[in-house]
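J.:
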Amino acid sequence: MEQVIVNALYLGSQYAMIALGLTLIFALMNVLNFAHGQMYVLGGFVTYTIYGRLGFPFIVALLGTAVTLAIVGALIEYFLFRPVIRRSVREESTMLLAAGIAFLLDAVILLVFGEKQRGVPKILDGVFNWDFRIILPYDRILVCVLAIMSIAGFIAFMQFTKTGRALRAFAQDRVAAELMGVNVDRYSMIGFALGAMLAGLVGGLLVTITGVNLGMGGPVSIKAFMMVMIGGAGVISGAIAGGFILGALEAVGLAVLSQYGDITYLLIFASLMVFLSFRPQGLMGKPWG
Amino acid sequence: MHRKALLKAVSIVAILACSALISSTGFAANKVLKIGFVGVTSGPAAAWGISNVRSMQTRAKWINETGGVKIGDTTYDVEIVTFDDQKDPKRAIAGMEKMAQEGIHYVVGPNVDDGAAAVRPVAERNGIIYFPYAFPKELYTKPASNAVLGMVASYQSGPAIYKYLKETKGVKSIAFVSANESDPLSQREGGIAAAKALGLDVVSSNVTFQVDTIDFTPVLTPVMRTKPDLLVLSGVSPANAPQLIRSARELGFQGLISTETAQDATVLKEGAGDLANGFISVGGASTPEISSDMMAEFVDRYTKMFGEYNDESNTKVYALEYILETLKVNPAAITDVEEFKKTMDTFEVANPYMKGDAKLKYVGTTSFGQKRQLMVPLVVNVYKDGKFETLFVAEVD
Chain A
98 MEQVIVNALY LGSQYAMIAL GLTLIFALMN VLNFAHGQMY VLGGFVTYTI YGRLGFPFIV
158 ALLGTAVTLA IVGALIEYFL FRPVIRRSVR EESTMLLAAG IAFLLDAVIL LVFGEKQRGV
218 PKILDGVFNW DFRIILPYDR ILVCVLAIMS IAGFIAFMQF TKTGRALRAF AQDRVAAELM
278 GVNVDRYSMI GFALGAMLAG LVGGLLVTIT GVNLGMGGPV SIKAFMMVMI GGAGVISGAI
338 AGGFILGALE AVGLAVLSQY GDITYLLIFA SLMVFLSFRP QGLMGKPWG
Chain B
52 MHRKALLKAV SIVAILACSA LISSTGFAAN KVLKIGFVGV TSGPAAAWGI SNVRSMQTRA
112 KWINETGGVK IGDTTYDVEI VTFDDQKDPK RAIAGMEKMA QEGIHYVVGP NVDDGAAAVR
172 PVAERNGIIY FPYAFPKELY TKPASNAVLG MVASYQSGPA IYKYLKETKG VKSIAFVSAN
232 ESDPLSQREG GIAAAKALGL DVVSSNVTFQ VDTIDFTPVL TPVMRTKPDL LVLSGVSPAN
292 APQLIRSARE LGFQGLISTE TAQDATVLKE GAGDLANGFI SVGGASTPEI SSDMMAEFVD
352 RYTKMFGEYN DESNTKVYAL EYILETLKVN PAAITDVEEF KKTMDTFEVA NPYMKGDAKL
412 KYVGTTSFGQ KRQLMVPLVV NVYKDGKFET LFVAEVD
């Protein structure tokens with residue numbers, strides 16, 4: 098039981114971080130970013146290059162990843178989403194654009210980083226073993242702590258800084274925020290950069306545990322959408338809750354249902370369908386959007 | 052003014068036409084023999100198909116640089132025509148149809164079971180021999196006759212590995228873990244049957260995982276409780292293998308770990324480091340103990356062309372070689388695959404990628420009742436400190 102709780106906490110912290118970036122972009126721009134998983138993968142490859150190939154300290158690699166993905170996110174918003182949003186009021190235009198960006202990033206990643214699975218040296222050796230009741234390698238503990246710290250830092254940023262307040266105002270009511278002097282273009286770019294940065298950061302953190310490969314983007318995006326649907330689209334606290342709930346469901350399912358084959362996700366998907374039929378706005382979302 | 056401009060335009064067109072004629076004459080020194088590839092080169096399984104394509108492209112470029120390949124009285128340059136099926140059977144069918152439209156009779160791929168099964172009617176209807184990297188026996192047994200298995204199947208390598216480990220390492224109990232996908236699951240079933248036939252105690256065989264799993268600790272915890280002597284990672288992809296090995300070792304597993312799929316030493320080194328030492332997998336012919344100078348040159352050329360070698364190509368170097376060597380033996384097969392099939396029964400030439408007297412020949416009589424498999428050496432490797440070492444070499448008949 099203790100092991101299941103620890104696994105749930107570990108998975109939940111990673112998932113919450115993945116979902117945060119996606120929901121932030123949705124809240125600010127009403128864009129379903131299908132390229133979120135590819136941004137995660139790109140973050141993993143940047144960390145791999147800086148830490149694994151060039152030999153810089155891991156923390157430097159994480160900072161480099163955050164900056165790189167923020168720049169990539171800002172450029173994507175400025176050159177791609179902004180013109181499309183300006184010219185088209187149809188939501189599917191941005192959805193198609195996001196899908197196109199996902200394919201583009203896949204192709205770029207294949208060209209630059211190749212098709213192989215990549216991994217980096219362990220950031221911490223050793224395994225925490227409490228009487229075989231809880232077994233957790235130290236590097237996973239560190240990654241979990243770093244992820245929780247990142248989430249806390251992000252919440253603090255949104256709560257206590259001028260930019261964070263402007264982003265929240267923008268997310269709550271775009272027109273009202275604009276009337277109050279919030280520069281919509283500027284904060285759209287900042288929001289998209291932040292979202293991409295969060296995806297890249299979690300990719301950078303997890304490259305130390307799972308490694309990274311070209312094909313991870315799609316599945317990561319699917320899980321991110323699931324978390325956002327559980328928690329409520331566009332709600333920061335909902336994304337965090339969705340992440341931890343999905344992590345807990347996965348950990349419990351793997352522990353309890355393993356002898357029946359891989360039915361954990363089958364049950365999760367089925368439960369999600371039932372849940373959404375009763376509460377389509379998710380746990381913390383509002384029915385009116 | 053207009054006349055001057057017209058003269059200028061005519062001159063430019065004439066120059067372009069001449070240069071096009073010269074260049075086309077240059078390329079036309081040899082006729083072109085097109086060989087196809089239909090397989091996955093994008094998405095999660097991209098590594099499988101890309102290692103195929105790059106092996107073929109490396110070998111084709113090498114052949115073309117050295118004057119081409121002589122088949123009968125004609126010398127050909129080899130052109131590789133590729134199609135990414137994205138691991139989707141519908142796309143695989145479209146890819147095979149494209150090959151037929153281009154008049155191609157020999158196609159390497161697809162890489163997975165459902166794709167290989169889907170293209171069968173197209174290949175048979177259009178006179179195409181194809182070389183899948185997929186294991187369903189019905190593709191290679193009569194009445195099917197156009198598919199030739201491009202590698203050693205898991206139900207051939209698995210029993211050999213388990214038998215070796217039972218006899219030399221005293222393995223008595225065995226556990227299986229596989230991804231929740233059709234290929235790994237079918238390989239797991241084959242492995243379980245082989246283990247039982249050898250009298251091994253199968254202590255765990257139900258645990259599966261999603262390919263996008265980010266932490267294998269909860270996946271492997273119930274398996275570790277069964278304390279097997281051997282943990283088999285059925286059909287594991289190079290992407291998942293290092294993580295599974297790492298998690299098993301971190302959970303305190305001291306036994307042996309093996310798989311029937313080909314792996315890459317660099318990927319294992321980066322993903323699992325020293326924890327991967329002792330990991331047993333199936334390879335081709337690039338370990339120093341058995342590889343020839345030609346194999347070394349192939350690896351060198353591949354590395355120069357693509358920046359980094361992929362150890363999976365040790366098995367994938369063979370398909371194009373078999374096609375060309377068989378066509379050399381029977382040039383009529385270039386447009387008639389029935390001639391190719393006739394030649395397969397008696398074909399035998401030296402294996403250029405291995406030292407000693409190893410042969411290239413078609414096998415599969417025991418498994419399929421007809422020769423519908425490339426005799427790729429069953430080289431079982433063990434990983435140690437960033438490299439593979441040959442554990443044993445066997446042959447499929």
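As given, the protein sequences belong to chains A and B, one line each in that order. Using our numbering, read the first sequence as starting at 98 and increasing by one per residue. Using our numbering, read the second sequence as starting at 52 and increasing by one per residue. Beta carbons: idealized from backbone N, C-alpha and C, even for Gly. Small disclaimer: the values here were computed from a predicted structure and weren't measured.
If the cut is a Cβ gap below 7 Å, which residues of chain A does B:Leu302 touch?
T.: Result: Ile232.
J.: Looking only at C-alpha atoms, which of B:Lys278, B:Asp266, B:Leu282 and B:Phe267 sits nearest to B:Ile243?
T.: Per the Cα distances, B:Leu282.
J.: I need the DSSP call for A:Gly331, collapsed to helix, strand or coil.
T.: Reduced to three states, the DSSP call for A:Gly331 is coil.
J.: From this set, B:Leu302, B:Ile114 and B:Ala313, which residue's C-alpha is nearest B:Leu284's C-alpha?
T.: Taking only the C-alpha atoms, the option nearest B:Leu284 is B:Ala313.
J.: With DSSP as the reference, identify every bridge partner of B:Asn432, one or two as the case may be.
T.: DSSP, once it has assigned bridges, lists B:Ser332 and B:Thr441 as partnering B:Asn432.
J.: Taking 8 Å as the cut-off, does the stretch 183-197 of chain B touch the stretch 125-138 of chain B (at least 3 CB pairs, one atom from each stretch)?
T.: The stretch 125-138 of chain B, when compared against the stretch 183-197 of chain B, does not touch it at the 8 Å Cβ threshold.
J.: Let me check understanding here. Comparing Cα to Cα, which of B:Ser309, B:Asn291 and B:Lys193 lies closest to A:Tyr216?
T.: It is worth fixing the name first, because residue 216 of chain A is Gly in this sequence and not Tyr. Residue B:Asn291 is the option with its Cα nearest to A:Gly216.
J.: Helix, strand or coil, according to DSSP, for A:Gln378 in the structure here?
T.: Three-state result, A:Gln378: coil.
J.: Let's see if you can read the secondary structure: which residues bound the beta strand (DSSP E) around B:Thr219?
T.: Per DSSP, B:Thr219 belongs to no beta strand (DSSP E); it is in the alpha helix (DSSP H), Ser205 to Lys220.
J.: So B:Val158 packs on B:Met150, CB below 8 Å; how close in whole Å?
T.: So it is a contact: roughly 5 Å between Cβ atoms.
J.: Between B:Leu295 and B:Ala316, what straight-line distance do the alpha-carbon atoms span, to the nearest angstrom?
T.: Rounded to the nearest angstrom, the two C-alpha atoms are 15 Å apart.
J.: So, are the CB atoms of B:Gln424 and B:Val414 less than 8 Å apart?
T.: Their beta carbons are under 8 Å apart, which means B:Gln424 touches B:Val414 by this criterion.
J.: For B:Ser93 and B:Asp135, which I take to be in contact (beta-carbon distance under 8 Å), what is that distance rounded to the nearest angstrom?
T.: 5 Å between Cβ atoms; contact.
J.: Can you give the Cα-Cα distance for B:Glu189 and A:Leu369, rounded to whole angstroms?
T.: Roughly 39 Å separates the two Cα atoms.
J.: With 9 Å as the limit, tell me which residues of the stretch 82-97 of chain B have their beta carbon closer than that to any beta carbon of chain A; keep them in chain order.
T.: Within the stretch 82-97 of chain B, the qualifying residues are Thr92, Ser93, Gly94, Pro95, Ala96 and Ala97.
J.: Examine chain A for any beta-carbon lying closer than 8 Å to the beta-carbon of B:Ile341, and answer yes or no.
T.: Judged by the 8 Å Cβ criterion, B:Ile341 is not in contact with chain A.
J.: Starting from A:Thr307, find everything on chain B with Cβ-Cβ shorter than 7 Å and list it in chain order.
T.: The answer, in chain order, is Ile265 and Gln294.
J.: For A:Met98, decide whether its Cβ has a neighbour in chain B, counting only Cβ atoms nearer than 8 Å.
T.: No, no contact with chain B.
J.: Going along the stretch 269-288 of chain B in order, which residues come within less than 7 Å of chain A, judged by CB to CB distance?
T.: So the close ones are Pro269, Val270, Thr272 and Pro273.
J.: If the cut is a Cβ gap below 8 Å, which residues of chain B does A:Tyr148 touch?
T.: Near A:Tyr148 there are no residues of chain B at all, since even the closest Cβ is about 11 Å away, more than 8 Å.
J.: What residues match up with B:Gln424 in a beta bridge as DSSP calls it?
T.: According to DSSP, which records beta bridges pairwise, B:Gln424 is partnered with B:Leu200 and B:Val414.
J.: Among the candidates B:Glu372, B:Tyr404 and B:Gly324, whose CA atom is the shortest distance from the CA of B:Asp344?
T.: Out of B:Glu372, B:Tyr404 and B:Gly324, B:Tyr404 has the C-alpha closest to the C-alpha of B:Asp344.
J.: Taking a Cβ distance cut-off of 9 Å, strictly less, list which residues of the stretch 203-214 of chain A are near chain B, in chain order.
T.: Cβ contacts with chain B come from Asp203, Ala204, Leu207, Gly211, Glu212, Lys213 and Gln214.
J.: Do A:Leu121 and A:Ala321 come within 8 Å of each other at the CB atom, strictly closer than that value?
T.: No, they are not a contact pair.
J.: Would A:Tyr357 pass as an interface residue toward chain B - the criterion being a Cβ-Cβ separation below 8 Å?
T.: Yes, A:Tyr357 counts as interfacial toward chain B.
J.: How would you list, in chain order, the residues of chain B whose beta-carbon sits under 9 Å from the beta-carbon of A:Pro218?
T.: Near A:Pro218 (Cβ distances below 9 Å), the residues of chain B are Glu321 and Gly324.
J.: Distance, Cα to Cα, A:Ile102 vs B:Thr268?
T.: Approximately 13 Å between the Cα atoms of the pair.
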